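Everything below concerns the one structure shown next.
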Amino acid sequence: MKTRAAVAWQAGQPLTIEELELEGPRAGEVLVEVKATGICHTDYYTLSGADPEGLFPAVLGHEGAGIVQEVGAGVTSLQPGDHVIPLYTPECRQCKFCLSRKTNLCQRIRGTQGQGLMPDGSTRFSLAGKPILHYMGTSTFSNYIVAPEIALAKIRSDAPFDKVCYIGCGVTTGIGAVIFTAEVEPGANVVVFGLGGIGLNVIQGARMVGAGRIIGVDLNPAREAMARKFGMTHFLNPKEHADIVDAIVQLTDGGADYSFECIGNTTTMRQALECCHKGWGQSVIIGVADAGKEIATRPFQLVTGRVWKGSAFGGARGRTDVPKIVDWYMEGRINIDDLITHTLKLEDINRGFELMKAGESIRSVVVY
Ligand code: NAD
Ligand code: DAO
Ligand code: ZN
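Put into structure tokens, the structure is as follows:
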């Protein structure tokens, strides 16, 4: 069949809209009509060429929602008409990682997914006989995709695609880091470095669990108003403090119980760790630093009880947890609508990247 898609031909070049050939689903796979997709920082990172694992030409996009059109042989958990969110972190429930119950990093299809291929090693997208690669197993910048059954979360059918697509990455990454990775308890003091598409979701996750002080740190003063709306109680701009770590320690009676780095900067990662409370403070790295960067701190920071950890996709098990997060949205427990600042058509997708680079959008969503 044919599908309209935005193709990344090479690093640093704008996407172009093409009519691609898409082969149908093979065993264990599902054809999905993507109805909407968010544009995330990580798509930009790959498109920019900074991602050493970025492959071209490819169909980017990993924050989508859509409807199952057809299922391949052996697919048992989905049928045509089901509403789904594609998962760049699948959940097979059978591999060593899934069975450990210690991580959400299912490895069942990791090898091929990282090479831009389907689990059988093939690509389904092509143009005039030239293969085009998949991306993160999702490629939601295409109107139709083929995805493995284990990489699709079935969601309720009354949820609006143009909002819940954001649960495919940003919402789950931020809220999940609070709930699943850090397990923040009521009353805890939380510090969030970076108040973008991820950090604002950390803030609303912290509010959801009843955190005490929720302190936001950002260089962009324009982020303060939005963050307050989502539950931030105190705002600190590092430009206004000689020592941001000291400012946080003063505000939290000795340090944060939990901090979250949502920027991808190794300097703020260190600050996020060192602003944590002696004896128990935990710092969670969410931001993805540039290739080759390393983090540093004095080991005594850890000896004296601070904990440094990381979180991918919020520690969420996609097929299990994503439908619950959709329910939270539909029940009014989380706010997605105000984070979606721009809605675009596919042909305007490059504008979505421009808005992101200029810091003018929180989330742009493409509606097919
Ligand atoms: P964003 O660009 O929307 O937000 C980043 C924010 O950080 C901006 O508000 C910016 O003003 C602020 N900032 C930049 N430098 C700063 C500094 N030195 N001090 C204070 N504030 C500063 O980005 P986003 O979409 O929220 O993504 C944040 C990070 O999370 C990225 O690195 C992204 O790749 C990563 N990410 C991780 C996961 C995961 O599963 N771990 C998932 C998605 C995205
Ligand atoms: O299992 O080795 C692995 C990789 C899992 C991918 C996790 C990616 C999380 C960070 C990238 C940002 C995604 C938008
Ligand atoms: Zn698995």
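The sequence shown begins at 1 in UniProt numbering and counts up by one.
The C-beta atom is built at its ideal place from N, Cα and C for all residues, glycine as well.
All figures in this text were calculated on a predicted structure; none of them were measured in a lab.
Report the partner residues of TYR44 according to the DSSP bridge assignment.
DSSP output for TYR44 lists no bridge partner at all.
Proximity to ASP290 [Cα-Cα], best of ALA5, LYS2, THR42:
THR42
Does the Cβ-Cβ distance between ALA177 and GLY315 come in under 8 angstroms?
yes
Does the count of Cβ pairs from the segment 298-310 and the segment 270-283 closer than 8 angstroms reach three?
yes
On the premise that ASP162 lies in contact with ASN343, defined as a C-beta separation below 8 angstroms, what is that separation, rounded to the nearest angstrom?
Here residue 343 is Thr; the residue named in the question, Asn, does not match the sequence. Yes, THR343 and ASP162 are in contact; Cβ-Cβ is about 6 angstroms, under 8 angstroms.
TRP328, enclosing alpha helix (DSSP H) - first and last residue:
318-330
Take ASN350 and list the residues in its own chain whose beta-carbon comes closer than 7 angstroms to its own, dropping the five residues that flank it on each side.
PRO14, LEU15
Which residue or residues does DSSP assign as beta-bridge partners of TRP308?
SER283
DSSP on CYS92, reduced to helix/strand/coil?
coil
Around the C-beta of GLN94, are 16 or more other C-beta atoms found within 10 angstroms, so that it is buried, or is it exposed?
exposed
Using the Cβ count rule (16 or more neighbours within 10 Å means buried), how would you classify GLU274?
buried
Which residues does DSSP pair with ARG4 in a beta bridge?
GLU19
Would you mind sorting GLN10 into buried or exposed? The rule is 16 or more other CB atoms within 10 Å of its CB.
exposed
Taking all protein chains shown into account, decide if ALA73 is buried (16 or more other Cβ within 10 angstroms of its Cβ) or exposed.
exposed
Cβ-heavy atom distance, ARG108 to ligand 3, below 7 angstroms
yes
For the segment 98-117 against the segment 127-136, are there 3 or more C-beta pairs whose distance is under 8 angstroms?
yes
Within the segment 228-255, ranges of the alpha helix (DSSP H) (whole runs, at least 4 residues)
244-251
Could you give the distance in angstroms between the alpha-carbon of CYS106 and the alpha-carbon of VAL366?
28 angstroms
Given a threshold of 16 other Cβ atoms within 10 Å of its Cβ, counted over all protein chains shown, does ASN220 qualify as buried or as exposed?
exposed
Skipping 5 residues on each side, what residues in its chain have a beta carbon closer than 7 angstroms to that of ILE340?
LYS163, TYR166, ARG363, VAL365
Can you find a heavy atom of ligand 3 that lies under 7 angstroms from the Cβ of CYS275?
no
How many angstroms separate the CA atom of ASN201 from the CA atom of GLY187?
18 angstroms
Just to check my reading of the structure: MET232 and ILE244 have Cβ atoms closer than 8 angstroms, yes? What is that Cβ distance to the nearest angstrom?
Contact flag wrong, Cβ pair sits at about 16 angstroms.
What do you reckon, are the CB atoms on GLY49 and VAL68 nearer than 8 angstroms?
no
What's the C-alpha gap between residue 369 and GLY168?
This structure leaves residue 369 out entirely; the chain is present only between 1 and 368.
Consult DSSP for ILE155 and reduce its assignment to one of helix, strand or coil.
strand
Output needed for GLY197: all residues of its chain with C-beta closer than 6 angstroms, excluding positions within five of it in sequence on either side, in chain order.
GLY170, ILE362, ARG363
In the DSSP assignment, the beta strand (DSSP E) including GLY64 goes from what residue to what residue?
64-71
Could you check the C-alpha separation between PRO131 and GLU19 for me, to the nearest Å?
13 angstroms
Tell me which residues share the same chain as residue 387 and place their Cβ nearer than 6 angstroms to its Cβ, disregarding the 5 neighbours each side in the sequence.
An answer regarding residue 387 cannot be provided, because it is not within the stretch 1 to 368 covered by the chain.
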